[in-house]
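To convert, count from 1 in the sequence shown and add 1; that's my numbering.
Positions of the beta carbon are idealized from the N, C-alpha and C atoms, including for glycine.
Since the structure is predicted, the reported quantities are computational estimates derived from the model, not experimental observations.
All remarks here apply to the structure that follows.
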Amino acid sequence: MRDTLGGGSLDLRELECFLVLAEELHFGRAGERLYVSQSRVSQLLRALESRIGARLVERTSRRVRLTPLGERFLAELGPAYGALRSVVDGARAAARGVEGSLRVGFQGTAHEQVTAAVTRFQQRYPACAMELVELPWRDPFGAARRGEVDLAVVLAPVAEDDLVVGAVFSRQPQAVAVAASHPFAARPAVDAEELAHCPLIGVPEPAPAYWRDAVAPRTTPAGRPIPQGPAAGTLQEALALAAAGRGALLLCRPTADQHGRGALARVPVTGLPDSALALVWHRDRETARVRAFAEVLAESP
């Protein structure tokens, strides 16, 4: 996008380049964020400095920093550029029909990548109201299937013919949550084969069998049977059962770390595949709002 200012043709790409460079203070990282080469970053900066008539950035072999004029330009440009982006995003949202409301379901704890995506979505599409809804652990897909939520963030795997799988993210090693008195509690780690001596807390129906088996495997990687412990309908119920010594609970390590305190201990498990989260929605209920949120979540690092 170009505009005429002061007798010259001002390229908004130059302004974006300056803002990113001012934040990174590194030409290589700025290029990575802008999906251009380092030399292209230098070219855009030189063009902007030529239009202004003074240097905005000082670059040596050891550091990159803004000049005093660059600091002043940044302070004045940032809010103005943000307002311009907001106007463009608002117009784009209206054109694409991203307005109304959007309900996103999550299980147990809303992942930080999801909450960050909700924040960005609300900034980008202010005409669309967002709502986060907790889903029961025992029924990961039902709310999306019944139209109670527009999208759902669930534990992978997902093998439902009527659901579309969007971003798969937060791949994490697994840990086991056990009571503080459990023999595993004092261990730095346990091998997956040792789960053959430890009942696992599972999930009841209507969760499909393949999904229940992912939460609480019936065998170790070598094929040894794993005892089946009680089933829990919610994550909080499962944590309470684990704390009471009724069994062990497999979780991704960040979730285990979050809940591994007090009566619970969390111990890393080696030899199991990483856990992952997936964004899903019903194939017959895909809307512009759904696609827009899926795109925003996929942008997350």
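By Cβ distance, which residues of its chain are closer than 7 angstroms to residue 14, with the 5 residues on each side in sequence left out?
Along the sequence shown, one-based indexing puts residue 14 at 13. Excluding residues within five positions, the ones whose Cβ falls inside 7 angstroms are 45.
When DSSP labels each residue in this structure, what does residue 202 get in the three-state scheme?
Here residue 202 refers to the residue found at position 201 of the sequence shown. If DSSP states are grouped into helix, strand and coil, residue 202 belongs with the strands.
Closest residue to residue 172 among 184, 158, 70 and 178 (Cα-Cα distance)
The residue labelled residue 172 in the question sits at position 171 within the sequence shown. Looking at the Cα atoms, 158 is the closest of the given residues.
Around the C-beta of residue 151, are 16 or more other C-beta atoms found within 10 angstroms, so that it is buried, or is it exposed?
Here residue 151 refers to the residue found at position 150 when the sequence shown is read from its first residue. Answer is buried; the Cβ neighbour count reaches 16.
Secondary structure of residue 170, DSSP reduced to three states
The residue given as residue 170 occupies position 169 in the sequence shown. Three-state result, residue 170: strand.
Return the CA-CA distance between residue 2 and residue 123, expressed in angstroms with no decimal places.
Start at 1 with the first residue of the sequence shown, and residue 2 comes out as number 1. Start at 1 with the first residue of the sequence shown, and residue 123 comes out as number 122. With a pLDDT of 44 at residue 2, under the threshold of 50, the modelled position of that residue is not reliable, and the figure given next carries that caveat. In a straight line, the C-alpha of residue 2 is about 25 angstroms away from that of residue 123.
Who pairs with residue 67 in a beta bridge, going by DSSP?
As a first step, residue 67 is located in the sequence shown; it is residue number 66 there, counting from the start. DSSP lists 58 as partners of residue 67.
Once you ignore the five residues that flank residue 6 on each side, which residues in its own chain have a CB closer than 7 angstroms to its CB?
Residue 6 sits at position 5 when you count from the first residue of the sequence shown. Confidence in residue 6 is poor, its pLDDT being 45 and thus under 50, which makes the residue's placement unreliable; the coordinate value appears in the next sentence. No residues qualify anywhere along the chain.
Give me whichever residues DSSP pairs with residue 121 in a beta bridge.
Translated into the one-based positions of the sequence shown, residue 121 becomes position 120. Answer by DSSP bridge pairing: none, since residue 121 is not bridged.
Contact defined as beta carbons within less than 8 angstroms: I believe residue 197 pairs with residue 221. What is the distance between those atoms, to the nearest angstrom?
For the purposes of this step, residue 197 is taken as residue 196 along the sequence shown, with counting starting at 1. For the purposes of this step, residue 221 is taken as residue 220 along the sequence shown, with counting starting at 1. The Cβ separation is near 5 angstroms, so the contact holds.
Spatial neighbours of residue 134 within its chain, please: CB distance less than 6 angstroms, with the 5 preceding and 5 following residues excluded, ordered by chain position.
Taking the sequence shown and counting its residues from 1, the one referred to as residue 134 is at position 133. Around residue 134: 104, 106 and 150.
Does the Cβ-Cβ distance between residue 227 and residue 201 come in under 8 angstroms?
For the purposes of this step, residue 227 is identified with residue 226 of the sequence shown, where counting begins at 1. For the purposes of this step, residue 201 is identified with residue 200 of the sequence shown, where counting begins at 1. Yes, they are a contact pair.
How would you call residue 239, buried or exposed, if buried means at least 16 neighbouring beta carbons within 10 angstroms?
What you label residue 239 is simply residue 238 of the sequence shown in a count that begins at 1. With 16 or more other Cβ atoms within 10 Å, it is buried.
Whether residue 281 touches residue 155 by CB criterion (8 angstroms)
Here residue 281 refers to the residue found at position 280 when the sequence shown is read from its first residue. Here residue 155 refers to the residue found at position 154 when the sequence shown is read from its first residue. In contact: residue 281 and residue 155 (Cβ atoms closer than 8 angstroms).
What residue does the alpha helix (DSSP H) around residue 132 start on, and which one ends it?
Residue mapping note: residue 132 aligns to position 131 of the sequence shown, counting from 1. No alpha helix (DSSP H) contains residue 132, which is instead part of the beta strand (DSSP E) from 129–136.
For the alpha helix (DSSP H) containing residue 143, list its first residue and its last residue.
Counting from 1 along the sequence shown, the entry for residue 143 is found at position 142. Note, residue 143: alpha helix (DSSP H), 143–147.
For residue 12, does the three-state DSSP call read helix, strand or coil?
If you number the sequence shown from 1, residue 12 lands on position 11. Strand, per DSSP.
Under a Cβ-count criterion, where at least 16 other Cβ atoms within 10 Å of its own Cβ denotes burial, should residue 246 be classed as buried or exposed?
On the sequence shown, residue 246 is found 245 positions in, with the first residue counted as 1. Label assigned to residue 246: exposed.
Report the rounded CA-to-CA distance for residue 67 versus residue 39, giving the unit in angstroms.
For the purposes of this step, residue 67 is taken as residue 66 along the sequence shown, with counting starting at 1. For the purposes of this step, residue 39 is taken as residue 38 along the sequence shown, with counting starting at 1. Rounded to whole angstroms, residue 67 to residue 39 spans 17 angstroms at the Cα level.
Give me the Cα-Cα distance between residue 139 and residue 300, rounded to the nearest whole angstrom.
Indexing the sequence shown from 1 puts residue 139 at position 138. Indexing the sequence shown from 1 puts residue 300 at position 299. In a straight line, the C-alpha of residue 139 is about 29 angstroms away from that of residue 300.
Step through the CB atoms of chain D and report whether any lies within less than 8 angstroms of the CB of residue 14.
The displayed structure is made up of one protein chain only, and chain D is not part of it.
Across the stretch 212–220 and the stretch 284–298, are there enough close Cβ pairs to call them in contact, namely three or more that are closer than 8 angstroms?
no
Is DSSP giving residue 256 helix, strand or coil here?
Your numbering for residue 256 matches position 255 in the sequence shown. Reduced to three states, the DSSP call for residue 256 is helix.
Straight-line Cα distance separating residue 52 from residue 8
Residue mapping note: residue 8 aligns to position 7 of the sequence shown, counting from 1. Residue mapping note: residue 52 aligns to position 51 of the sequence shown, counting from 1. Per-residue confidence for residue 8 stands at a pLDDT of 45, beneath the threshold of 50, marking its modelled position as unreliable; the derived number appears in the next sentence. Going by the C-alpha atoms only, they are around 9 angstroms apart.
Go through its chain and collect everything with a Cβ distance to residue 205's Cβ below 6 angstroms, but skip five positions before and after it.
Against the sequence shown, residue 205 aligns to sequence position 204. Cβ neighbours of residue 205 beyond the five flanking positions: 139 and 232.
Spatial neighbours of residue 269 within its chain, please: C-beta separation below 6 angstroms, excluding the five flanking residues on both sides.
Residue mapping note: residue 269 aligns to position 268 of the sequence shown, counting from 1. Result list for residue 269: 176 and 190, in chain order.
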